[in-house]
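Going down the list, the protein sequences come from chains W and S. The numbers in the first sequence follow this note's numbering, run straight up by one, and end at 338. The numbers in the second sequence follow this note's numbering, run straight up by one, and end at 770. Every residue gets a Cβ at the ideal spot worked out from N, C-alpha and C, and that includes glycine. Values in this document were obtained by computation on a predicted structure and should not be read as measured data. What follows is a set of notes on a single structure, which appears directly below.
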Amino acid sequence: MAAIVARGLERTFGGGLRAVDGVDLEIAEGEIYAFLGPNGAGKTTIVRMLTTLLRPTGGDARVAGFDVVSEAAAVRGAIGVALQEAALDPLMTGRELVRLQATLHGLGRREGQRKAEALLERVDLASAADRQVGTYSGGMRRRLDLASALVHGPKVLFLDEPTTGLDPVSRRTIWEEVEQLNDEGTTVFLTTQYLEEADQVADRVGIIDFGRIVAEDTPGRLKAQVGHPHLEVKLTYGDVARAEEIVRRFGKPLPSQDGTVLVTLERGAAEIAPVVRALDEAGLAVEALDLVEPTLDDVFLAETGHHLEPEGPSESGELE
Amino acid sequence: MLANLRVIASLGARSVKQTFRRPQLMAPIIVFPTLLLAIQVGGAGRGIELPGFPPVNGFLDFILAGAMIQSTLLAGNSGGIALAVDIEMGFTDRLLAAPISRFAIVLGRLAGTAALGALAAIWFIAIGLLFGARIDQGVPGVVVMIVFVVLSAIAFGGLGAAVALRTGRASVVQGLFPLVFVILFLSSAFFPANLMLEPAATVARYNPLSFIVEGIRDPVISSLSLEAFAKAIGSIALVGAISIGLSALALRRRLRTGG
């Protein structure tokens, strides 16, 4: 059974603004699915509909087998949600928050306490559990948010931009935790603006722009669709035009940049050695070589005509 | 049902802790009314000598109920501010994403306001007794006073919650603060309605707050009269029905529109 299914999902806000425009999704149990898109693309609006926080204005969706409108309470019982910006009360302690979350999910007092302690230990917050959340760092807040989302053992976990604003170490910690949860059988649906996050963590990626999914596949297949890796050759000395002539034999040359010769290699790394040998035989000294793989940004660019801009402020606060 | 009661109790406990941990929420409930009580007793104590003033042992006996109801109104307003802050920071979404009754979120906040009302009632009764007030009806009178204050806190808390849910902005709920004083001074909370000038006297005479204050005051200055009791209960029920009804509508709208 699919963990998440959506057919023609739509959401139109007041003034006719269509934030989500006919989204189809089918996410298998045990999958990590990432929604990649810029601010205002509709990622959060879709998460809010799938987590029953917002009613769709068109189409339908089922999460963990339940309809998000007619069986909303059942959906809420089956999912864990960590929303954007880790909406935590700064005046509560970490322990109080996880215990409250346990109560909200109907766990008994003792069971709630036991689960809370285990989860705080798991996310490495046991020693800070009695501190008010307002004193936590960004990474600690995200880990606490994750712990509270897991207190009832959800089948499907929604993480809305779980690592936005975090330093690389904290980001990696969250990824590891997500991967471990997935290994334990939890389906994970996450949204992100980070190419690296989608690439490294997700089994499948959906690229979303202006409320529509413009591409969807495994990261590897998506990147393969936009072309082959290219080799960047920086010469110590020698004639760039001559170098371009040589590399042309191995693949399609790209316009050189600042004395760096670029060529597309259909077979990727396997063709590096022959290129270097040919340049060497022609008396051209190579200073540096870099094999550049296509990125999800290239996919995004190919599909939408523009790049992802992860650092920019939200253009549509209402939606994102 | 039991699970929802546990949720309401937990959210109420959170609300009380939140108030104690955020001094700006605590100050209007205890500090301001206590200061105003002290100033009024010290500055206007001879008001009881005015012809037509109800027979009381002292001005403190008369005004104690006013301080309690002021505290209750401000507790309701503070509860509304706290709820709006929850909405602004997204904490309400955390609650809405859980498998609980949606209205439990409002009831949890009101349970906290009710608990704060009880604490405020005990505080004012304690300082009243300490500074010479006499509660004519003794322990049963104290119980009636606390019950009225708690029920009033729920009723007025509903108004704060309704505005918070409708607007989602703490600044708007905070803007009601001066209105609380207008309503208070246009009631018999601090001065007998029969000694006010028109049109304030008429407004105060029909202001439901006056009936509630007189219900709280009655056990202090006279006997427990059925009429004052019924008027107070009726007024609390009226305000409560309107405020909780408005809260339910505002919550429904918020859930429908998603914000």
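Residue i versus residue j - alpha carbon distance
{"i": "W:Leu-106", "j": "W:Tyr-154", "result": "11 Å"}
{"i": "W:Leu-101", "j": "S:Arg-605", "result": "8 Å"}
{"i": "S:Phe-573", "j": "S:Thr-624", "result": "25 Å"}
{"i": "W:Gly-98", "j": "W:Val-206", "result": "9 Å"}
{"i": "W:Glu-214", "j": "S:Gly-686", "result": "46 Å"}
{"i": "S:Arg-677", "j": "S:Arg-620", "result": "15 Å"}
{"i": "W:Thr-69", "j": "S:Thr-583", "result": "37 Å"}
{"i": "W:Ser-145", "j": "W:Val-174", "result": "28 Å"}
{"i": "S:Tyr-717", "j": "S:Asn-705", "result": "12 Å"}
{"i": "S:Arg-533", "j": "W:Asp-235", "result": "49 Å"}
{"i": "W:Pro-172", "j": "W:Val-38", "result": "26 Å"}
{"i": "W:Gly-335", "j": "W:Asp-217", "result": "The predicted model places W:Gly-335 with a pLDDT of 35, which falls under 50 and marks its position as unreliable; any figure quoted below should be read in that light. Each residue's Cα considered, the two are about 26 Å apart."}
{"i": "S:Ala-629", "j": "S:Val-661", "result": "5 Å"}
{"i": "W:Ala-96", "j": "S:Phe-659", "result": "42 Å"}
{"i": "S:Val-683", "j": "S:Leu-536", "result": "15 Å"}
{"i": "W:Gly-48", "j": "W:Trp-193", "result": "16 Å"}
{"i": "W:Arg-161", "j": "W:Glu-135", "result": "14 Å"}
{"i": "S:Ser-589", "j": "S:Leu-720", "result": "18 Å"}
{"i": "S:Gly-498", "j": "S:Leu-575", "result": "The requested residue 498 of chain S is not part of the displayed model; chain S covers only 512 to 770."}
{"i": "W:Gly-83", "j": "W:Phe-176", "result": "15 Å"}
Within chain W, the residues that residue i reaches when beta carbons sit closer than 7 Å
{"i": "S:Asp-604", "result": "Leu-71, Leu-101, Ala-105"}
{"i": "S:Ile-611", "result": "Leu-122"}
{"i": "S:Leu-607", "result": "Leu-71"}
Proximal chain W residues relative to residue i, where beta-carbon distance stays under 9 Å
{"i": "S:Arg-532", "result": "Leu-109, Met-110, Gln-150"}
{"i": "S:Gln-529", "result": "Asp-107, Leu-109, Met-110"}
{"i": "S:Ala-549", "result": "The contacting residues do not exist; S:Ala-549 stays about 29 Å from chain W at best."}
Beta-carbon contacts of residue i that lie in its chain and below 7 Å, excluding the five residues immediately before and after
{"i": "W:Leu-137", "result": "Val-116, Ala-165, Leu-168, Val-169"}
{"i": "W:Leu-240", "result": "Val-223, Ala-233, Leu-314, Val-317"}
{"i": "S:Ile-611", "result": "Asn-515, Val-518"}
{"i": "W:Pro-186", "result": "none"}
{"i": "S:Ser-758", "result": "Val-617, Gly-669, Ala-672, Ala-673, Leu-676"}
{"i": "W:Leu-337", "result": "Confidence at W:Leu-337 is low in this model, with a pLDDT of 36, below 50, so its placement is unreliable and no value can be given for it."}
{"i": "W:Leu-319", "result": "His-325"}
{"i": "W:Glu-284", "result": "His-246, Gly-269"}
{"i": "W:Glu-333", "result": "With a pLDDT of 36 at W:Glu-333, under the threshold of 50, the predicted position of this residue should be treated as unreliable, though the coordinate-derived value follows. Cβ within range, chain order: Asn-57, Gly-58."}
{"i": "W:Pro-292", "result": "Phe-268"}
{"i": "W:Leu-272", "result": "His-248, Leu-280, Val-281, Thr-282"}
Close-in-space but distant-in-sequence residues of the same chain around residue i (CB under 6 Å, 5 per side omitted)
{"i": "W:Gly-157", "result": "Leu-184, Ser-188"}
{"i": "W:Ala-147", "result": "Gly-112, Arg-113, Leu-138"}
{"i": "W:Pro-331", "result": "For W:Pro-331, the predicted structure reports a pLDDT of 39, less than 50, and the residue's modelled location is therefore unreliable. The matter cannot be settled from this model."}
{"i": "S:Gln-648", "result": "Pro-730, Leu-735"}
{"i": "S:Leu-618", "result": "Ile-519"}
{"i": "W:Asn-200", "result": "Ile-50, Val-206"}
{"i": "S:Ala-700", "result": "Gly-577, Ile-580, Val-724"}
Contact set between residue i and chain W, taken where Cβ atoms lie within less than 8 Å
{"i": "S:Arg-767", "result": "Arg-73"}
{"i": "S:Val-518", "result": "Thr-121, Leu-122"}
{"i": "S:Ala-514", "result": "Gly-124"}
Residue i: contacting residues in chain S (beta-carbon distance under 8 Å)
{"i": "W:Thr-62", "result": "Neighbours of W:Thr-62 on chain S: none; closest Cβ ~11 Å, over 8 Å."}
{"i": "W:Gly-95", "result": "Pro-610"}
{"i": "W:Ala-91", "result": "Pro-610"}
Chain-ordered chain S contacts of residue i [CB-CB under 7 Å]
{"i": "W:Leu-118", "result": "Ser-521, Arg-525"}
Cutoff 8 Å; reference residue i; Cβ partners in own chain excluding five residues on either side
{"i": "W:Asp-78", "result": "Ala-24, Arg-25, Gly-26, Leu-27, Asp-85, Val-86, Val-87"}
{"i": "S:Leu-607", "result": "Arg-613, Ile-616, Leu-766"}
{"i": "W:Gln-150", "result": "Pro-108, Leu-109, Met-110, Thr-111"}
{"i": "W:Thr-254", "result": "Ala-303, Val-304, Glu-305"}
{"i": "W:Val-258", "result": "Ser-274, Gly-277, Val-279"}
{"i": "W:Glu-197", "result": "Ile-50, Val-219"}
Legend entry - Contact list for the stretch 650-669 of chain S against chain W, Cβ threshold 9 Å: none
Legend entry - Given 8 Å, three or more beta-carbon pairs between the stretch 633-652 of chain S and the stretch 594-605 of chain S: no
Inset, instruction - Report the residues of the stretch 588-603 of chain S with a CB closer than 7 Å to any CB of chain W, ordered along the chain. - result: Met-600, Gly-601, Phe-602
Inset, instruction - Take every Cβ of the stretch 247-266 of chain W, pair it with every Cβ of the stretch 210-217 of chain W, and state whether three or more of those distances are shorter than 8 Å. - result: no
Inset, instruction - Tell me, please, whether the stretch 59-68 of chain W touches the stretch 564-575 of chain S by the rule of three or more beta-carbon pairs shorter than 8 Å. - result: no
Legend entry - Given 8 Å, three or more beta-carbon pairs between the stretch 753-769 of chain S and the stretch 655-670 of chain S: yes
Inset, instruction - Tell me, please, whether the stretch 524-538 of chain S touches the stretch 273-282 of chain W by the rule of three or more beta-carbon pairs shorter than 8 Å. - result: no
Legend entry - contact_flag[the stretch 546-554 of chain S, the stretch 644-661 of chain S] where n(CB pairs < 8 Å) is 3 or more: no
Legend entry - Residues, ordered as in the chain, of the stretch 565-587 of chain S that lie near chain W by beta-carbon distance below 9 Å: none
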